[in-house]
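Written below as structure tokens is the structure these notes are about.
Residue numbers (our numbering): 985 to 1162.
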């Protein structure tokens, strides 16, 4: 357990005692990440299995595996061949640089945010192909959830703007959609 893991565990207990603590300013919280979706997921995990580090680690590994699959699927939708898509997802899954994001429970925010970000990308790519407003709504929902899990997910908006340009949409049409 890393020191931030202990802080996450204490925050879980504090939220259970007073759910408004979940919405307290980061400065008033023990960990104070300012990432409400990630904190909510950790708290729901706490409600299910308590502050058992083993279950939290399994959740982080499961999230990391989901991200690897979403990455492979996203690469395929972007036009990469099947073998290269799966290889990219596999290399992401086994990359030792992700040690902290998989090892530390408090770092669950990163694979969680990336999973929402990749779901947003997939939704937007589906919107570009099908033009369905349901896919655009899915994009908005998952992109916002990703931002609430980690602010870095906001990079999905300029990337999708680039995709619109690349696919031949006018700048005005792309901005209207995004």
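The beta-carbon is built from N, C-alpha and C at its ideal position, and this holds for glycine as well. Keep in mind it's a predicted model, so treat the numbers as computed, not measured.
In this structure, the straight-line span from the alpha carbon of residue 1071 to that of residue 1056 is close to 8 Å. For residue 1131 and residue 1092, the gap between their C-alpha atoms comes out near 14 Å. Three or more Cβ pairs closer than 8 Å define a contact, and the stretch 1143-1162 meets that threshold against the stretch 1108-1124. For the pair residue 1036 and residue 1030, the Cα-to-Cα distance works out to about 8 Å. Residue range 1093-1114 is occupied by the alpha helix (DSSP H) that includes residue 1093. In the assembly as shown, residue 1079 is an exposed residue. Its beta-carbon has fewer than 16 other beta-carbons within 10 Å. Around the beta-carbon of residue 1004, fewer than 16 other beta-carbon atoms lie within 10 Å, marking it exposed. Judged by pairs of C-beta atoms under 8 Å, the stretch 992-1006 touches the stretch 1020-1034, as three or more such pairs exist. In this structure residue 1073 is not in contact with residue 1042, their Cβ atoms being roughly 20 Å apart against a cut-off of 8 Å.
A direct Cα-Cα distance of roughly 21 Å separates residue 1137 from residue 1009.
According to the DSSP assignment, residue 1124 belongs to the alpha helix (DSSP H) that extends over 1117-1133. Within the same chain, Cβ atoms closer than 8 Å to the Cβ of residue 1151 are found at 1112, the five residues on either side in sequence being excluded. Rounded to whole angstroms, the separation of the alpha carbons of residue 1097 and residue 1129 is 8 Å.
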